[in-house]
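>
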Amino acid sequence: MNALDPSKSIFLQSDIENFTQYKFSMNEDLAGGNLRPAFSIGNRYLEAAKKQVRYMQSVLASSPKFEGQIGNSETVSVPPKMANWPVNNLERENRWNLILQSYAETIKNNGAENGTVNSILVGELVRDKSRLESFTGEDIFNIYMNSVAKSFDSHSAYISPESSQLVDENLYTTINEKPYELGSASKRTLIASGVVTGHVSQVASGGRSYKVGVISIPSFYFDPYDIDDGNSVTKDVRQALLDLSKQGIEGLILDLRGNPGGALAQAVRVSGMFIGDNPVVTVRDSRNRQETQKSLNNKKVEKNLPLVVLVDRVSAGASEIFAGAMQDYGRAIIVGGQTFGLGTAQAIQPLNYGELKVTVAQYYRVSGEGFQKKGITPDIQFPNAYDQYELGEEALSNPLPWNSTKAALYSPVMNVNAYLERLNEGHKKRVADNPVFTQKDYFQQYKYLPPHSDEFLKEGEMILADLIRLSGE
């Protein structure tokens, strides 16, 4: 529980009116090192938040059998939307009552036994009180600076010295493999981790059985200290391809579900395994300088192997770059749910105190389409368990808008879309009575299971088997 929500239960209207004195001077104050507005607002918030906790504690102390009702009021599931700030303490306390009732209702809905709601709430408020009392001036400073950074876009952020040390120790996951030449960059080398896995399945289509390979890529990882690219997703995918080829696979699924991205260069190199030496992604910085990243892959290229790429709402960044290239070149059928829509690159800029993670560039498909907010729309769409308004770039606060740029010089290497209509027909027939694809209740019950469900992978394999059969006719 967070006893400090909804936010419009903390300040009074008079507080907000008092804060307006800083409205037109905060930029100049920040530039001049004047942090008085930040500490004025922050300290007032802490004072009011502590008062809220004390009030709720007093309500629970006077109602030891509290189960969600205060006086003769009825319980509520969700506090009403609060369009305005309370004008006085009485109105604010009434809101606190509603919030307390809502918390009690949530606890009961989560399975708490009768008679335990009060004690659970008491424990949560003790933790809230302890957290508030541990707040320091540095916490207020960090929150303020982070808010300033996020006012530019959802991925920019202020990193405190303490957090920066953690970043140094654990390494920072980003779409950039190395400091990006077009924008401000960090000297820190960045990394994402994961392990490629693969297997073979026998799948029937049109009265014949086909041997299909599946390679799961959890992220586009690499070892920044290995100049020969010996420990990377590129090496592991190439090895998995070799192993599966020895088993006589006739088609391949690349499973990028749940893949949050990783290194840009790795996405480019893996793309080269299937489209050869061709442009993969265009990068444009804040000064409108544009560069197209081209795959330079001298290894064997799987130009003709029928290919399906599985994605979901969590597939982001480098995953979207790879899937977008496969789609634009007509190389693969993209299957699954709408992707995340992460189309920006960030770099770390050292400051006198802490660091600034700032957005320095945007990514575009070779077709010129932007990834930002829009992501990748699959050729064959599966039900998406993730609400696009709860997860994805557009669900973040203050995301940069979608845009496009000039298309790169490229030509499709295949035309798998020629089979798309018949692939969709077969898909719809198979899933017509499958509860995983038809029943909304399934997604409510297993909210995070369906995107990684065996049923989804099984259907992907069926689509691939159909693609192998059709492309061989």
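Heads up: the sequence shown at position 449 corresponds to 620 in the working numbering, and the numbers run straight through without jumps.
Backbone N, C-alpha and C fix where the C-beta goes; we use that ideal spot for every residue, glycine too.
#1: Just tell me which of I187, G432 and R502 has its CA closest to the CA of G447.
#2: Start and end of the beta strand (DSSP E) containing D518?
#3: Using 7 angstroms as the threshold, is the C-beta distance between G429 and V480 below it?
#4: In whole angstroms, what separates the C-alpha of L641 from that of V531?
#5: Would you mind working out which of S301, E276 and D499 sits nearest N289, comparing C-alpha positions?
#6: When you compare only the Cα positions, how much space is there between Y351 and G488?
#7: Determine which residues share a DSSP beta bridge with I551 and list them.
#8: Only counting the same chain, and skipping five residues up and downstream in sequence, which positions put a Cβ closer than 6 angstroms to that of Y315?
#9: Identify the continuous beta strand (DSSP E) that holds G422 and give its terminal residues.
#10: Where do the ends of the alpha helix (DSSP H) carrying P450 lie?
#11: What's the call for S575, buried or exposed, on a 16-neighbour Cβ count within 10 Å?
#12: At what residue ranges does the stretch 257-333 contain a whole run of the beta strand (DSSP E), taking only runs of 3 or more?
#13: Could you check how far apart the C-beta atoms of A220 and L303 are, in whole angstroms? I think they sit under 8 angstroms.
#14: How many angstroms separate the CA atom of G203 from the CA atom of S196?
#15: Give the straight-line distance between the Cα atoms of D456 and N317, rounded to the nearest whole angstrom.
#16: With burial defined as no fewer than 16 other Cβ atoms inside 10 Å of the residue's Cβ, what is the status of G422: buried or exposed?
#17: Between the alpha carbons of L569 and F323, how many angstroms are there, rounded?
#18: Can you give the Cα-Cα distance for L342 and L206, rounded to whole angstroms?
#19: Could you check where the beta strand (DSSP E) with E526 kicks off and where it finishes?
#20: Under DSSP, the alpha helix (DSSP H) around Y381 begins and ends at which residues?
#21: To the nearest angstrom, how far is the alpha carbon of F511 from that of Q543?
#22: Using 7 angstroms as the threshold, is the C-beta distance between P450 and A579 below it?
#23: Once DSSP output is grouped into helix, strand and coil, what is the label at T576?
#24: Return the chain-ordered list of same chain residues with a C-beta closer than 7 angstroms to the C-beta of Q616, the five sequence neighbours on each side being excluded.
#25: Using the Cα positions of Q533 and I330, report the straight-line distance between them to the nearest angstrom.
#26: Within this structure, are the beta carbons of D483 and V537 separated by less than 7 angstroms?
#27: Taking 8 angstroms as the threshold, find out whether the stretch 377-393 comes into contact with the stretch 406-413 through three or more Cβ pairs.
#28: Tell me which residues share the same chain as D414 and place their Cβ nearer than 7 angstroms to its Cβ, disregarding the 5 neighbours each side in the sequence.
Result, derived from the coordinates:
#1: The shortest C-alpha separation from G447 is found at R502.
#2: Reading off the sequence shown, one finds Ala at residue 518, where the question assumed Asp. Where A518 is concerned, the enclosing beta strand (DSSP E) starts and stops at T515 to P521.
#3: Cβ distance not < 7 angstroms, so G429 and V480 don't count as in contact.
#4: Those two C-alpha atoms are separated by around 44 angstroms.
#5: Taking N289 as reference, the option from S301, E276 and D499 with the minimal CA-CA separation is E276.
#6: Residue placement at Y351 cannot be trusted, given a pLDDT of 30 that sits under 50; what the coordinates show is reported in the next sentence. Rounded to whole angstroms, Y351 and G488 show a C-alpha spacing of 15 angstroms.
#7: The secondary-structure analysis by DSSP pairs I551 across a beta bridge with V506.
#8: Taken in chain order, the residues that qualify are A209.
#9: From DSSP, the beta strand (DSSP E) with G422 extends over G422 to D426.
#10: According to the DSSP assignment, P450 belongs to no alpha helix (DSSP H) but to the beta strand (DSSP E) extending over P450 to D456.
#11: It is exposed - the Cβ of S575 has fewer than 16 other Cβ atoms within 10 Å.
#12: Within the stretch 257-333, the complete beta strand (DSSP E) runs of at least 3 residues are 328-330.
#13: The C-beta distance from A220 to L303 rounds to 6 angstroms, short enough to fall under 8 angstroms.
#14: Distance between the alpha carbons of G203 and S196 is about 11 angstroms.
#15: Between D456 and N317, the C-alpha separation is close to 22 angstroms.
#16: Buried, since its Cβ has 16 or more Cβ neighbours within 10 Å.
#17: For the record, residue 569 in the displayed sequence is Asn; it is not Leu. Approximately 8 angstroms between the Cα atoms of the pair.
#18: Confidence is the limiting factor: at L342 the pLDDT is only 35, short of 50, which leaves the residue's position unreliable, though a coordinate-based value still follows. Taking the straight line joining both Cα atoms gives about 31 angstroms.
#19: According to the DSSP assignment, E526 belongs to the beta strand (DSSP E) that extends over E526 to R536.
#20: Counting along the chain, Y381 falls outside any alpha helix (DSSP H), though it belongs to the beta strand (DSSP E) covering R379 to S387.
#21: Linking F511 to Q543 through their CA atoms gives a straight-line distance of about 9 angstroms.
#22: Between P450 and A579, the C-beta spacing is below 7 angstroms.
#23: For T576, the secondary structure class from DSSP, reduced to helix, strand or coil, is coil.
#24: Note on Q616: pLDDT 46, under 50, position unreliable in the model; the coordinate value appears next. No residues qualify anywhere along the chain.
#25: Each residue's Cα considered, the two are about 21 angstroms apart.
#26: Note that the C-beta distance between D483 and V537 is not below 7 angstroms.
#27: Look at the beta carbons and you see the stretch 377-393 touching the stretch 406-413: at least three pairs across the two are nearer than 8 angstroms.
#28: Result list for D414: G369, in chain order.
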